[in-house]
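Counting from 92, one number per residue, gives the positions in the sequence shown under our numbering.
These notes are about the structure you will find just below.
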Amino acid sequence: MIKKNTTFGEMMTYKIRKSHERKFFDHGWLKTFHTFSFAHYYDPNFMGFRSLRVINEDRVAPGNGFPMHHHENMEIISIVLEGSLAHRDSMGTESVIHANDIQQMSAGTGVNHSEYNPSSTEPVHFLQIWILPNQENIQPRYQQMPLPTSLNEWILIASENGQQNSIKIQQDVMLYTASLEIGKSFEKNIPDHRYGWIQVIEGELSLNADTIQSGDGVAINPDTNLILKAIKPSRILFFDMN
Numbered sequence: 092m093i094k095k096n097t098t099f100g101e102m103m104t105y106k107i108r109k110s111h112e113r114k115f116f117d118h119g120w121l122k123t124f125h126t127f128s129f130a131h132y133y134d135p136n137f138m139g140f141r142s143l144r145v146i147n148e149d150r151v152a153p154g155n156g157f158p159m160h161h162h163e164n165m166e167i168i169s170i171v172l173e174g175s176l177a178h179r180d181s182m183g184t185e186s187v188i189h190a191n192d193i194q195q196m197s198a199g200t201g202v203n204h205s206e207y208n209p210s211s212t213e214p215v216h217f218l219q220i221w222i223l224p225n226q227e228n229i230q231p232r233y234q235q236m237p238l239p240t241s242l243n244e245w246i247l248i249a250s251e252n253g254q255q256n257s258i259k260i261q262q263d264v265m266l267y268t269a270s271l272e273i274g275k276s277f278e279k280n281i282p283d284h285r286y287g288w289i290q291v292i293e294g295e296l297s298l299n300a301d302t303i304q305s306g307d308g309v310a311i312n313p314d315t316n317l318i319l320k321a322i323k324p325s326r327i328l329f330f331d332m333n
């Protein structure tokens, strides 16, 4: 089994990774924030959390993108927030991922792919998430679907067994999304054998006695009770991990 990363040193119940603490690169055509070590950014304290290895927030200029490149043994998830992303890979897939779509690729034994912004006028804004698989060298696969748009409820969008019409991933992770109206709140209990990660896509929320905003992440230890309340209209991801 691939080793799970840990980060943040010793923490009691949860620890916030503020948006401005992420590493930012401006490559002209690409503006990107890295929550964890990635490419030219290396910080031994931020190598991932459990099986969650990468959360990159990318903005790609019109007509630009990532040329064909190789991946192995990684679960790669893209969630497009604004604009569109054109995908092509060595499995024969050619697809356009639109705003509010989720796309997943199990790299497994190896896959080449490219990602480009097909628009000549509009940038594309998306999250790319990498999760370490619990089994290496599986057959590569590709999935894509639109995300549900319900308000004020947790929606399962990725899981190990593909339950509740979610994307199937090769790891014991349940990925949820939620869009909250102002004043709406959730309680989340992390059992004593699980870990959590919250990623704020947009908005502002209270988290117990703290406040979290767009771009913030939260690493959560087992046996933790959280109360989230939207201060502004908010959209978040929640990773439930072993």
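By construction, the Cβ of each residue, glycine as well, lies at the ideal position given by its N, Cα and C atoms.
Exercise for review: Enumerate in chain order the residues of its own chain whose CB-to-CB distance from Glu227 is below 6 Å, with the five nearest sequence positions on each side excluded.
Suggested key: Counting from one through the sequence shown, the residue named residue 227 turns up at place 136. Cβ within range, chain order: Asn164.
Review point. Touch check for the stretch 151-169 and the stretch 252-263: three-plus C-beta pairs under 8 Å?
Key: yes
Exercise for review: Could you tell me the distance, in whole angstroms, from the CA atom of His118 to the CA atom of Pro282?
Suggested key: Position 27 of the sequence shown, counted from the start, is the residue given in the question as residue 118. Position 191 of the sequence shown, counted from the start, is the residue given in the question as residue 282. Answer to the nearest angstrom: the Cα atoms are 41 Å apart.
Exercise for review: Please classify Pro313: does DSSP put it in a helix, a strand, or coil?
Suggested key: Counted from its first residue, the sequence shown places residue 313 at position 222. Looking at Pro313 - three-state DSSP - the assignment turns out to be coil, as it is neither helix nor strand.
Check your understanding: Looking at the structure shown, is Gln254 part of a helix, part of a strand, or coil, going by DSSP?
Key -> By one-based count along the sequence shown, residue 254 stands at place 163. Three-state DSSP puts Gln254 in a helix.
**Study point:** Alpha-carbon to alpha-carbon, Val145 and Gly139
**Key:** Sequence index remark: in the sequence shown, residue 139 carries index 48 (1-based). Sequence index remark: in the sequence shown, residue 145 carries index 54 (1-based). Straight-line Cα distance between these residues: approximately 6 Å.
Exercise for review: For Thr123, I'd like the list of residues in its chain whose CB is within less than 6 Å of its CB, leaving aside the five on either flank, ordered along the chain.
Suggested key: Within the sequence shown, residue 123 is the residue found at index 32, counting from 1. So the qualifying residues of the chain are Phe116, Asn147, Asp149.
Exercise for review: Kindly indicate the opening and closing residues of the beta strand (DSSP E) around Thr123.
Suggested key: Position 32 of the sequence shown holds residue 123. 121-125 is the extent of the beta strand (DSSP E) around Thr123.
Exercise for review: Could you tell me whether the Cβ of Asn147 comes closer than 7 Å to any Cβ of chain B?
Suggested key: Here chain B cannot be found, since the structure has a single protein chain.
Check your understanding: Which value, in whole angstroms, describes the spacing of the CA atoms of Gly154 and Asp192?
Key -> Stepping through the sequence shown from its first residue, residue 154 is reached at position 63. Stepping through the sequence shown from its first residue, residue 192 is reached at position 101. Going by the C-alpha atoms only, they are around 20 Å apart.
Review point. Assuming Arg113 and Gly294 make a contact with CB atoms under 8 Å, what is their CB distance in whole Å?
Key: For the purposes of this step, residue 113 is taken as residue 22 along the sequence shown, with counting starting at 1. For the purposes of this step, residue 294 is taken as residue 203 along the sequence shown, with counting starting at 1. With a Cβ gap of about 17 Å, Arg113 and Gly294 do not count as contacting.
Point to revise | Nearest to Asn333 (by Cα), restricted to the options Pro158, Met265, Gly199, Ile289 | key: Walking along the sequence shown from the start, residue 333 turns up at place 242. When each option's Cα is compared against that of Asn333, the closest is Met265.
Exercise for review: Count the C-beta pairs between the stretch 313-321 and the stretch 275-289 that are closer than 8 Å, then say yes if the count reaches three, no if not.
Suggested key: yes
Review point. Along the chain, where does the beta strand (DSSP E) that runs through Ile260 open and close?
Key: Against the sequence shown, residue 260 aligns to sequence position 169. Premise fails: Ile260 is in no beta strand (DSSP E) and is neither H nor E.
Check your understanding: For Leu176, which of Ala310, Asp314, Val215 has the nearest alpha-carbon?
Key -> What you label residue 176 is simply residue 85 of the sequence shown in a count that begins at 1. Minimum Cα distance to Leu176 is reached at Val215.
Check your understanding: To the nearest angstrom, how far is it from the Cα of Ser325 to the Cα of Ile289?
Key -> As a first step, residue 325 is located in the sequence shown; it is residue number 234 there, counting from the start. As a first step, residue 289 is located in the sequence shown; it is residue number 198 there, counting from the start. Their backbone Cα atoms lie some 12 Å apart in a straight line.
**Study point:** Cβ neighbours of Val187 in the same chain (closer than 6 Å, five flanking residues each side left out)
**Key:** Within the sequence shown, residue 187 is the residue found at index 96, counting from 1. Taken in chain order, the residues that qualify are Ser175, Ala177.
Point to revise | Backbone secondary structure at His111 - three-state DSSP | key: Taking the first residue of the sequence shown as 1, we reach residue 111 at position 20. Correct three-state label for His111: helix.
Exercise for review: For Thr200, collect the residues of the same chain with a Cβ closer than 6 Å to its Cβ; drop the 5 residues on either side in sequence, then sort them by chain order.
Suggested key: Stepping through the sequence shown from its first residue, residue 200 is reached at position 109. Same-chain partners within the cutoff: Asn228.
Check your understanding: Under a three-way DSSP split, which group does Trp288 fall into?
Key -> Locating residue 288 in the sequence shown gives position 197, counting from the first residue. In this structure, Trp288 counts as strand in the three-state DSSP scheme.
Review point. Less than 7 Å separating the beta-carbons of Val151 and Asn208?
Key: Stepping through the sequence shown from its first residue, residue 151 is reached at position 60. Stepping through the sequence shown from its first residue, residue 208 is reached at position 117. Yes. Within cutoff.
Review point. Going by alpha carbons, who is nearest to Lys323 out of Thr302, Ile311, Pro313, Phe329?
Key: Locating residue 323 in the sequence shown gives position 232, counting from the first residue. That would be Thr302, whose Cα lies nearest to the Cα of Lys323.
Exercise for review: Determine which residues share a DSSP beta bridge with Leu218 and list them.
Suggested key: Locating residue 218 in the sequence shown gives position 127, where the first residue counts as 1. Paired residues: Glu148, Ile170.
Exercise for review: Take the Cβ of Thr212 as the centre, count every other Cβ of all protein chains shown within 10 Å, and call the residue buried at 16 or more, exposed below.
Suggested key: In the sequence shown, counting from the first residue as 1, residue 212 sits at position 121. Looking at its Cβ environment, which holds fewer than 16 other Cβ atoms inside 10 Å, Thr212 is exposed.
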